[in-house]
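Just so you know, we're using my numbering here: the sequence shown kicks off at 42 and counts up by one.
By construction, the Cβ of each residue, glycine as well, lies at the ideal position given by its N, Cα and C atoms.
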Amino acid sequence: MKPARTLFVRLLWSLLSVLLVVGSVPEEAYADYPYSTNYRNKSGGLVWTQAAYAPERVLGQDIFIPDPKNPGKTVRSPLQQPGDLFLDAQDRIYVADTGNNRIVMFDRGGNFDRVITAAGTPLNKPQGLFVDGQDNLYVADTGNARVVKLDTHGKLLKEFKLPKSRFIPETYRFEPIKVAVDKRGFLFVNSLGSYNGLMQLDPDGKFVRFFAANEAPFTVLDSLKRMIYTREMYEKQPSKLPPAINNVDIDSRGFLYTVSYGENLTSGQVKKLNNAGKNFLGTDSSVGGGNDSFGEVRFRRVEEKGSLKDIAVDGNGNFTVIDSVSKMVSQYDAFGSLLFFWSGDASPNTTQLGIVKSPAAVETNSTNDLFVLDDNANLIQMFRQTEFGALVYKANNLTLDGKYKEAEALWREVLHLNAYYTPAMLGLAQAAYGRGDYAEAKRLYYDAGLQDGYSNSFWQIRLGWFQERFGLFMNIVLGLGLLYLVFRAIAKRYRLSWGTPRFLQRRWPLAAQLRHALYILRHPVDGFTALRYESKGSVASAVIILVLAYLSYAVSRTQTSFTFNAEAIRPAGAATIFLQFFLVWVAWIVSNYLVSSIRRGEGRFVDVFVGSAYALTPLIAVGLPLTFLSNGMTLSEASIFNFLHSGMVVWVVLLLIWQVQSVQNYSVGETAVNLLFTVGTMIILGVLCFIVFGLSAELRNFLYSILQEVSVR
42 MKPARTLFVR LLWSLLSVLL VVGSVPEEAY ADYPYSTNYR NKSGGLVWTQ AAYAPERVLG
102 QDIFIPDPKN PGKTVRSPLQ QPGDLFLDAQ DRIYVADTGN NRIVMFDRGG NFDRVITAAG
162 TPLNKPQGLF VDGQDNLYVA DTGNARVVKL DTHGKLLKEF KLPKSRFIPE TYRFEPIKVA
222 VDKRGFLFVN SLGSYNGLMQ LDPDGKFVRF FAANEAPFTV LDSLKRMIYT REMYEKQPSK
282 LPPAINNVDI DSRGFLYTVS YGENLTSGQV KKLNNAGKNF LGTDSSVGGG NDSFGEVRFR
342 RVEEKGSLKD IAVDGNGNFT VIDSVSKMVS QYDAFGSLLF FWSGDASPNT TQLGIVKSPA
402 AVETNSTNDL FVLDDNANLI QMFRQTEFGA LVYKANNLTL DGKYKEAEAL WREVLHLNAY
462 YTPAMLGLAQ AAYGRGDYAE AKRLYYDAGL QDGYSNSFWQ IRLGWFQERF GLFMNIVLGL
522 GLLYLVFRAI AKRYRLSWGT PRFLQRRWPL AAQLRHALYI LRHPVDGFTA LRYESKGSVA
582 SAVIILVLAY LSYAVSRTQT SFTFNAEAIR PAGAATIFLQ FFLVWVAWIV SNYLVSSIRR
642 GEGRFVDVFV GSAYALTPLI AVGLPLTFLS NGMTLSEASI FNFLHSGMVV WVVLLLIWQV
702 QSVQNYSVGE TAVNLLFTVG TMIILGVLCF IVFGLSAELR NFLYSILQEV SVR
């Protein structure tokens with residue numbers, strides 16, 4: 042009974058401990074939000090985080106205006122298909138109430154203030170608005186094909202219609218849907234479906250230029266069409282137009298942000314432009330930025346294409362974008378580095394706090410609260426920044442300002458709350474680099490998956506290491522040089538040779554066969570011909586070279602420095618590397634032999650096997666040393682590494698071509714045809730294997746279901 046009682050007491054204490062731990066966790070840590078918040082690391086992995094924003098309240102349901110039939114009474118007048126949202130410098134909220142042809146204004150507390158209409162010239166389907174520093178209201182009055190400038194009471198101050206200019210195409214349709222105004226009073230008008238970019242107007246309404254136009258997509262297929270098609274054929278092809286801009290915004294520092302969407306637009310969905318049109322997003326990868334693709338998804342379906350709808354920029358340059366298809370809210374810092382993204386499943390029949398059915402616009406106020414306009418539910422969802430979100434924002438803003446020491450403690454707290462949150466690792470790495478702890482910075486950059494920072498840290502470590510040992514290295518170099526001169530003199534005097542000793546060639550011919558691989562590197566055509574007709578190689582030597590080539594490939598995949606190999610964080614498994622190498626190898630051997638047999642080649646299967654194995658010698662001669670050298674190189678030597686790596690690949694390809702030509706006794710033209718058919722055969726074999734394995738899995742599942750059915754009955 043005593044052991045049983047002891048076990049019971051231990052279980053009781055364990056249960057009490059768990060309850061105490063759960064009770065000590067802040068409520069926010071396990072608050073049940075109707076959405077999940079995520080981060081995606083550099084390798085594409087999905088990281089689940091604490092919520093950065095919590096749903097606070099719903100605005101726009103308490104709009105009451107004088108009853109048109111009885112002015113002494115008020116009636117409820119809800120929003121109808123609202124199109125845009127804007128917060129001014131005093132955090133007052135303006136909504137373009139498209140369906141009601143008006144602008145609705147709320148105070149900074151979210152309470153209804155007034156309805157604004159253009160007195161004497163009614164609005165017609167307004168879809169965009171902007172408030173400048175003097176509280177002037179600019180409205181994109183889509184239905185009237187104009188932009189109007191109003192005061193806060195609705196008095197018309199100025200009207201902007203399509204200006205006259207020879208630089209505006211005759212087919213251009215002026216249907217303003219969004220508008221932004223800079224500090225000089227220049228307007229940037231986004232017209233419905235326009236691929237010309239934003240129309241820039243001066244304060245008097247005169248045309249200045251088209252600005253921030255996207256580039257038309259151009260694919261490899263388009264390049265082939267240009268080379269092959271005649272002029273008449275090419276002119277009959279449908280024109281490819283640049284993606285249209287969806288929305289526009291301007292931050293406090295004068296940077297213009299555009300949001301675009303196109304089916305083939307895989308990057309540049311968000312641009313941060315100066316007055317000269319230079320895009321500042323996707324240019325700085327040293328701080329973890331360098332992103333040029335925006336709008337996050339967790340698991341995108343093949344048929345689902347995202348559509349970024351709007352952007353909001355806070356006072357520190359951090360921006361938020363919303364996707365009208367995935368309903369995703371994504372947040373980035375001033376350099377375009379991802380901070381958070383979240384969304385939840387919306388029900389078509391009910392409205393839930395925190396769930397946006399159809400996001401149409403997004404804005405942020407001076408305290409970093411988010412406001413998302415829902416044009417389906419006809420309301421505004423307000424989100425307040427959580428403690429975790431505020432901590433991340435504060436730490437990240439300090440880091441971007443170069444205040445690494447002040448940010449370090451905050452990042453450590455963030456990492457304590459979420460050990461997998463990559464920006465915290467990156468912030469700590471920058472702090473370590475700033476105080477000169479390059480070893481720690483290197484480790485943290487590796488954990489964060491940032492190759493630039495890892496390389497810079499290693500460069501500093503390598504520099505210090507060489508400076509400490511420079512004298513020793515110079516003595517070693519001088520000593521080795523002297524030994525070489527002495528040995529060379531002795532070799533010349535006693536006529537020493539560097540060849541394989543004759544007794545080894547007689548007793549172990551494999552040594553001479555392996556040495557022939559080096560001869561092939563210098564004289565490929567003669568070397569492969571000797572393999573076929575002079576028996577300079579054998580199956581045994583080919584197997585040895587093949588195994589060494591595989592080992593070199595495996596070592597290269599797993600041991601190449603993270604500076605040049607992003608997969609080093611999560612290297613592929615041994616089985617995966619083995620299958621990748623030998624499946625391609627076997628497919629090449631089988632395909633080339635079959636094609637050569639049909640194309641009247643003279644080589645036997647063993648000749649193809651041996652020759653193709655010898656062609657992999659550069660993987661051993663270059664790949665293996667390059668792998669070890671990479672661990673002493675930085676991105677400053679990237680051109681050297683890439684040249685040697687690319688040269689090795691090209692060398693292997695050329696040796697395979699010369700192998701086919703020599704072993705099969707082909708001309709250059711016959712060799713080209715053989716290679717073309719070989720590649721085609723490899724593709725066919727791959728498709729057949731995919732089908733066979735797929736059908737095998739289906740057959741296995743079918744037999745298993747039958748077995749279960751029989752066993753049940």
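- If you ignore the 5 residues before and after Arg425, its C-beta comes within less than 7 Å of the C-beta of Tyr94, Ala95, Glu97, Asp410, all in its own chain and listed in chain order.
- Residue state for Gln121 is assigned as coil, using DSSP reduced to three classes.
- Within the segment 619-656, the complete alpha helix (DSSP H) runs of at least 4 residues fall at 646-655.
- Measuring C-alpha to C-alpha distances from Gly673 to each of Ile661, Thr601, Lys435 identifies Thr601 as the nearest.
- With a beta-carbon spacing of about 7 Å, Ala583 and Tyr655 fall inside the 8 Å limit used to define contacts.
- The bridge partners DSSP lists for Trp89 are Asn79.
- Membership of Lys266 in the alpha helix (DSSP H) is indicated by the continuous run 261-269.
- With fewer than 16 other Cβ atoms from the protein chains shown falling within 10 Å of its own Cβ, Val714 counts as exposed.
- A contact is defined here as three or more CB-CB pairs under 8 Å, and the segment 290-307 meets this definition with respect to the segment 253-261.
- Non-local C-beta neighbours of Lys577 in its own chain, meaning closer than 7 Å and more than five positions away in sequence, comprise Gln554, His557, Ala571, ordered along the chain.
- As DSSP reads the structure, Glu404 sits in a beta bridge with Phe412.
- Secondary structure of Gly169 (DSSP, three-state): strand.
- In this model, Glu447 and Gly468 are separated by some 11 Å (Cα to Cα).
- Counting only the Cα atoms, Gly385 lies some 16 Å from Asn417.
- Approximately 6 Å separates the beta-carbon atoms of Leu394 and Val99; this is inside 8 Å, confirming the contact.
- Residue range 94-100 is occupied by the beta strand (DSSP E) that includes Tyr94.
- Using a 10 angstroms sphere on the CB of Gly169, the tally of other CB atoms reaches 16 or more, which defines it as buried.
- For the set Gln700, Thr658, Val580, the Cα lying nearest the Cα of Tyr591 is the one of Thr658.
- Beyond the five residues adjoining it in sequence on each side, Ala482 comes within less than 6 Å, by CB distance, of Ala470, Ala473, Tyr474, Ser498 in the same chain, given in chain order.
- For Ser334, the closest C-alpha among the options Phe340, Val230, Thr307, Leu349 is that of Thr307.
- The beta-bridge partner set that DSSP reports for Asp129 is empty.
- Its Cα nearest to that of Ala552, the residue Ser579 stands out among Phe248, Gln122, Ser579, Phe201.
- Pro123 sits away from Ile396, with the two beta carbons spaced by 9 Å or more.
- Secondary structure at Ala253: coil, using DSSP grouped into helix, strand and coil.
- Cβ contact annotation for Ala353 (same chain, cutoff 6 Å, sequence separation greater than five): Thr361, Val403, Glu404, Thr405, in chain order.
- As the crow flies, the alpha-carbon of Ser232 is around 49 Å from that of His686.
- Distance from the CA of Tyr462 to the CA of Gln492, rounded to the nearest whole angstrom, comes to 17 Å.
- Thr392 has its alpha-carbon roughly 24 Å from the corresponding atom of Asp148.
- In this structure, the alpha-carbon of Leu322 lies about 25 Å from that of Thr675.
- Around the beta-carbon of Ile517, fewer than 16 other beta-carbon atoms lie within 10 Å, marking it exposed.
- Excluding its 5 nearest sequence neighbours in each direction, Asp182 has C-beta neighbours in its own chain below 8 Å: Ala159, Leu164, Asn165, Lys166, Pro167, Val188, Val189, Pro217, listed in chain order.
- When secondary structure is reduced to three states using DSSP, Glu216 falls in the coil class, being assigned neither helix nor strand.
- Here Asp364 is buried: its Cβ has 16 or more other Cβ atoms, across all protein chains shown, within 10 Å.
- If only uninterrupted alpha helix (DSSP H) runs of at least 4 residues are considered, those enclosed by the segment 420-481 are 428-441, 445-458, 463-475.
- By the neighbour-count definition (other C-beta atoms within 10 Å, threshold 16), Ala436 is a buried residue.
- For Met466, the CB contacts under 6 Å within the same chain, skipping 5 residues up- and downstream, are Leu485, Asp488, Ala489 in chain order.
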